[in-house]
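Residue numbers (my numbering), protein chains in the order written: chain A, 6 to 286; chain B, 47 to 319; chain C, 220 to 555.
All C-beta atoms, glycine included, are put in the ideal place defined by N, C-alpha and C.
This structure is a prediction, so every number in the text was calculated from the model and none was measured.
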Amino acid sequence: MIDVWELLLRSRKFMFGLAVLISLILLGTVGPWLLGDPYYMNLSLIGRPPSPEHLLGTTSFGEDVFTQLCNAIGNSLVVGLIAGVLGTLIAVFVGAVGPYIGGMADRISSLATNLALVLPLIPLFIIIASVVRGLNLVLIGLILAATSWPWAARSIRSQVLTLKEREYVNLARMSGQNSVDIVVTEVLPNMLAYIMMVFVILTGTAILAESALSMIGVSTTRTITLGYMLYWAQHETTVPFWWNIWWWFIPPGIVLTVLLTAIFVIHAGMDEIFNPRLREL
Amino acid sequence: MDDTSETGNNGIVLKCEGLTKLYTSGLIRTKTVTGAKDVSFGIKRGEIVSLAGESGSGKSTVARMILRLIKPTSGSITLNGRSIYSYDIREYYRQVQAVFQDPYSAFNPFYTVDHVMERAFGLREGSIDPDEKDKIIQSTLESIGLNPSEVLGRYPHELSGGQMQRMLIGRSLLIGSQLLIADEPTSMIDASTRAGVLNLLLSLKKDKGLSVLFITHDIGQAQYVSERVLVMKQGEVVEQGPVDEVFIRPKHPYTKELLAAVPTLYERWDTCR
Amino acid sequence: MATHILEVQDLRGYYRGTFGVVHAVDGVSFTVDRGVVMGIAGESGGGKSTLAQLVSGSPPPLLHLEGGTILVDGIDIYSINPEELRTEVKCKRMSYVPQSSMESLNPVKRIRDFIFDVVRQRTGKRIASSEEKAEVLDMAANHMKTLGLDRPVLDRYPHELSGGMKQRVVIAVSTLWNPKLLIIDEPTSALDVTSQKRMIEALLNLKRAGTIESMLYISHDLTSLRQLCGECIIMYAGKIAEIGDMEETIDSPRHPYSRLLTAAIASYDSKGRKMGELKSIAGSPPDLRDPPAGCRFHPRCPYVMDICRTKEPPMFWAGERKGGASCWLLTSQAGQ
Ligand SMILES: Nc1ncnc2c1ncn2[C@@H]1O[C@H](COP(=O)(O)OP(=O)(O)OP(=O)(O)O)[C@@H](O)[C@H]1O
Ligand SMILES: Nc1ncnc2c1ncn2[C@@H]1O[C@H](COP(=O)(O)OP(=O)(O)OP(=O)(O)O)[C@@H](O)[C@H]1O
Ligand code: SF4
Ligand SMILES: [Mg+2]
Ligand SMILES: [Mg+2]
């Protein structure tokens with residue numbers, strides 16, 4: 006187990022992805038704090054191209070694109086994180102409880118997983134967005150979490166089922182431990198790596214999902230996220246051809262790609278190390 | 047553990063009667079596999095009984111039923127004259143312990159091996175202060191020929207199979223059980239270490255009156271270590287009796303086949319010449 | 220064509236990690252001639268699997284090659300690039316079946332799909348058309364017959380097979396390409412005696428059928444080694460204690476460790492009555508992070524001499540007998 010963490014630190018993929026991710030996180034946390042109000046519209050500077058004062062130019066509302074971008078990164082990460090953490094917790098709970106308590110609990114958790122698996126996400130969102138007034142980041146994170154855990158719960162369940170067959174679980178039982186103890190102290194620690202992977206994937210997909218939803222205008226329309234920037238860049242522009250303000254939509258597009266790539270590369274690095282079958286080849 | 051009255055009638059510690067286990071799998075169209083069928087035997091105090099048979103013959107199934115890890119489909123198991131299910135679970139495990147087939151999977155890779163030893167104290171009543179605990183662990187390990195400073199604090203994969211297996215035996219000693227279920231405790235270890243483990247079982251039996259159900263597929267070991275042997279095939283006991291009797295004059299053809307398959311050091315099988 | 224199928228020179232492989240440096244293989248040299256089945260036995264934790272992993276060309280991440288060379292059919296496997304290693308060595312000359320490899324069968328895949336996967340990995344080609352599939356399956360089925368497996372096995376899932384069958388499936392798959400050298404690590408330890416016997420016979424059949432030429436067979440179990448191998452190596456604490464002809468090594472072992480090891484078996488293996496007491500070797504195997512100076516067996520050796528504690532014994536090669544042992548007791552004989 007210990008070796009695995011060492012290997013991780015030595016994995017180029019993982020470290021590269023992590024470095025990129027950390028720089029983006031810094032940009033998203035320190036940037037907004039240094040740069041001031043992202044919504045400030047300087048109406049005398051509408052749709053200006055990049056310049057020393059406005060590194061990435063301004064929007065057609067006269068907002069500074071770089072400031073917006075930093076905020077967008079931060080907010081997108083927040084949505085991803087909320088959905089990632091929560092989704093992982095739900096997945097672990099639902100996935101682990103069934104095999105352990107068995108009987109009715111197992112049936113219910115399996116049923117819930119399968120039902121949630123076929124839940125249509127986008128229609129659901131459109132309905133929620135039209136019903137709920139103040140749709141904010143936290144709410145979106147919650148909704149994304151609530152819809153993204155099923156596949157993870159399913160694979161965690163199968164992992165728990167195999168780990169449960171290990172003799173050390175029997176040994177723990179014969180040391181007088183109860184089922185909850187066993188799950189918490191014997192089974193879950195061995196899944197940490199896997200759970201981390203689930204978390205990374207859920208976070209990545211949540212960021213992507215939020216952006217996609219923002220782009221079609223279903224998500225929050227008040228808080229800047231990467232998707233929000235892309236949405237406004239193509240919809241609200243005073244210039245006849247919106248792609249003329251390329252500095253408005255290209256940066257969030259690139260950042261989104263880089264962010265997701267970083268997350269994917271981190272995941273690939275972890276997969277190589279945690280999945281011995283791949284390691285062998 | 048010192049009085050014989052506790053061990054019930056004629057010193058029989060464990061008694062299994064008509065033990066049957068059917069495994070069912072599949073939710074809608076169920077498939078049934080017979081794990082064990084009508085297995086009956088008893089183990090006396092201070093006796094080592096071997097359970098031999100090929101892979102899949104149901105040896106581990108019987109062990110797991112005795113260990114209360116799975117429920118028998120039918121039949122009864124009694125410990126000291128009482129049904130094993132009438133015991134409080136912790137009280138039961140204070141008396142019955144096991145050493146498993148594969149030492150590599152008996153240790154949780156997440157923890158150092160100390161974890162397993164410390165967990166064993168969970169079965170004791172009352173609390174013990176940490177110093178006392180360490181002392182008990184150390185002396186137990188020494189008594190089974192392990193050097194505590196060499197094994198403690200290390201992760202399972204940093205130990206050899208034999209060391210792990212001996213730690214598991216140490217763990218059950220720590221608990222002070224009177225019945226040990228040893229499920230192929232020597233399959234992964236070399237001859238010299240194996241001899242050490244077998245001799246350890248023999249001396250525990252002599253000195254502490256330990257009863258052992260020794261599960262093995264290697265008849266040679268069964269012969270060395272036990273007084274009585276049961277031969278299982280496809281879930282059923284096909285032959286049982288005193289060890290020399292069964293090995294010198296096997297009655298069931300399957301026992302003969304098993305005996306013939308044991309490789310010897312100084313001869314080759316005809317098919318391998 | 221090189222004279223030896225495998226030539227290992229002064230091989231060193233250490234594990235490096237938070238736990239320190241484990242000197243698991245420390246200066247091992249030997250050769251395997253064509254057509255020979257070489258057995259490797261020794262104490263558990265003595266470095267047998269580590270040696271196999273090094274020879275296989277793809278050691279696990281924490282295991283580092285610290286020195287020495289390995290020539291497989293004359294090719295120095297650590298001086299060529301990974302692609303060459305794959306195409307020239309792993310797909311043609313050598314196949315490696317790791318310890319407990321039967322656990323690595325994917326539980327949700329049928330055996331046939333597992334075979335397609337492996338074929339794809341080796342050849343780098345996807346097998347899409349049904350003719351190609353049928354061809355691969357025919358080849359596999361034919362091959363599996365030598366190992367005593369019927370064609371229906373192809374359509375089963377791993378959990379529907381017994382341990383012995385799974386093990387033979389893995390071997391069948393790793394010998395599909397008629398490797399000259401098969402490295403196989405503890406294929407029988409997890410099996411019962413009857414399956415063990417079947418397994419050993421199957422391996423022998425493979426060799427007789429000419430599917431494989433030579434074998435490096437690793438097992439802690441000297442008795443099963445004895446059934447199959449022509450020569451053997453006894454390892455102790457990362458080093459070769461004794462090497463030589465299988466039968467001679469068992470009948471008249473030269474190294475004190477081999478002597479004690481065979482004694483631990485001999486006394487109970489004869490049929491009939493229980494024979495004497497089994498003797499284990501006093502003491503425990505050394506901590507390979509800090510192996511003892513001099514002869515590594517000296518803390519447990521009943522014949523220990525002063526020189527053993529300080530100077531490492533070289534390999535003393537016996538004159539008329541093939542092989543040798545690394546023990547100072549042999550100086551007198553070696554001097555002749
Ligand atoms: N959980 C299970 N579900 C379904 N069938 C099972 C299960 N466990 C064991 N079996 C089946 O029950 C039979 C007996 O298995 P068991 O593990 O008791 O054999 P064994 O004699 O211990 O073999 P081995 O020497 O391989 O350990 C086998 O046919 C096996 O496939
Ligand atoms: N991943 C690892 N990290 C650290 N030490 C290891 C690792 N793998 C093995 N070792 C150590 O290296 C030594 C040699 O191990 P190896 O697995 O080669 O032994 P072996 O002879 O194959 O034993 P066995 O018969 O039990 O399989 C042992 O002392 C072991 O503790
Ligand atoms: S060199 Fe010395 S210590 Fe080592 S095996 Fe020979 S006699 Fe024993
Ligand atoms: Mg078993
Ligand atoms: Mg090994």
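C-alpha gap between residue i and residue j, whole angstroms
i, j, result
"Pro279(C)", "Ile390(C)", "21 Å"
"Leu82(A)", "Val270(A)", "17 Å"
"Gly99(B)", "Gly429(C)", "34 Å"
"Val308(C)", "Val337(C)", "16 Å"
"His474(C)", "Phe535(C)", "10 Å"
"Ser172(A)", "Thr76(B)", "Note on residue identity: the sequence assigns Glu, not Ser, to residue 172(A). Cα to Cα, Glu172(A) sits roughly 26 Å from Thr76(B)."
"Cys514(C)", "Asp506(C)", "14 Å"
"Ile227(B)", "Leu205(B)", "23 Å"
"Val189(A)", "Asp253(B)", "39 Å"
"Thr167(A)", "Leu91(A)", "24 Å"
"Leu23(A)", "Ala273(A)", "12 Å"
"Asp332(C)", "Asp374(C)", "9 Å"
"His439(C)", "Leu31(A)", "55 Å"
"Val284(B)", "Glu273(B)", "17 Å"
"Thr394(C)", "Lys311(C)", "10 Å"
"Met202(A)", "Gly81(B)", "38 Å"
"Leu422(C)", "Pro231(B)", "27 Å"
"Ile221(B)", "Val145(B)", "13 Å"
"Asp276(A)", "Asn141(A)", "33 Å"
"Arg305(C)", "Arg341(C)", "8 Å"
"Arg329(C)", "Ser348(C)", "18 Å"
Buried or exposed by the 16-neighbour rule on C-beta atoms within 10 Å, applied to residue i
i, result
"Tyr522(C)", "exposed"
"Lys541(C)", "exposed"
"Met358(C)", "exposed"
"Arg112(A)", "exposed"
"Ala237(B)", "buried"
"Val137(A)", "exposed"
"Glu354(C)", "exposed"
"Thr64(A)", "buried"
"Val35(A)", "exposed"
"Val79(B)", "exposed"
"Tyr45(A)", "exposed"
"Lys241(C)", "Note on identity: in this sequence residue 241(C) is Val, with Lys being the wrong assignment. Val241(C) comes out buried."
"Val123(A)", "exposed"
"Asp148(B)", "buried"
"Leu39(A)", "exposed"
"Pro257(A)", "buried"
"His378(C)", "exposed"
Host beta strand (DSSP E) of residue i (start-end)
i, result
"Ser257(B)", "257-262"
"Lys498(C)", "Taken as a continuous stretch (DSSP letters only), Lys498(C) belongs to no beta strand (DSSP E), as it is neither H nor E."
"Ile112(B)", "No beta strand (DSSP E) contains Ile112(B), which is instead part of the alpha helix (DSSP H) from 105-112."
"Asp464(C)", "458-464"
"Ala544(C)", "542-544"
Run of the alpha helix (DSSP H) containing residue i, from where it starts to where it stops
i, result
"Ser300(B)", "Per the sequence shown, residue 300(B) should be read as Tyr rather than Ser. Unbroken alpha helix (DSSP H) run through Tyr300(B): 299-307."
"Phe156(B)", "Unbroken run through Phe156(B): none, as it is neither H nor E."
"Tyr199(A)", "197-220"
heavy atom of ligand 6 below 7 Å from residue i C-beta
i, result
"Lys169(A)", "Among the ligands modelled here, namely ligand 1, ligand 2, ligand 3, ligand 4 and ligand 5, ligand 6 does not occur."
*Residues within the region 155-172 of chain A neighbouring chain B, beta-carbon criterion of under 8 Å*: Contacts with chain B (Cβ-Cβ distance below 8 Å) from the region 155-172 of chain A involve Arg171, Glu172, listed in chain order.
*Fully enclosed by the region 82-149 of chain A, which alpha helix (DSSP H) runs are 4 residues long or longer?*
108-122, 126-136
*If you measure beta-carbon to beta-carbon, which residues of the region 180-191 of chain A are closer than 8 Å to chain B?*
Ser180, Gly181, Gln182, Glu191
_Along the region 494-518 of chain C, where does the CB come closer than 7 Å to a CB of chain B? Name the residues._
Taken in chain order, the members of the region 494-518 of chain C whose beta-carbon sits within less than 7 Å of a beta-carbon on chain B are Leu497, Lys498, Ser499, Ile500, Ser503, Pro504, Asp506.
_Residues of the region 224-237 of chain B with Cβ closer than 7 Å to any Cβ of chain C, in chain order_ = Ser233, Met234, Ile235, Asp236, Ala237
*Residues in the region 93-118 of chain B with C-beta within 9 Å of chain A's C-beta atoms, listed in sequence order?*
Arg110, Leu113, Arg114, Leu115
*Identify each residue in the region 108-137 of chain A for which the Cβ-Cβ distance to at least one residue of chain B is less than 8 Å, and report them in chain order.*
none
*Against chain A: residues of the region 155-182 of chain B by CB proximity under 7 Å*: Pro155, Phe156, Val162, Arg165, Ala166, Gly168, Leu169
*Interface positions of the region 407-432 of chain C facing chain B (Cβ-Cβ less than 8 Å), listed along the chain*: Considering only beta carbons, the part of the region 407-432 of chain C lying closer than 8 Å to chain B consists of Ser408, Ala409, Leu410, Asp411, Val412, Thr413, Ser414, Gln415, Lys416, Ile419, Glu420, Leu423, in chain order.
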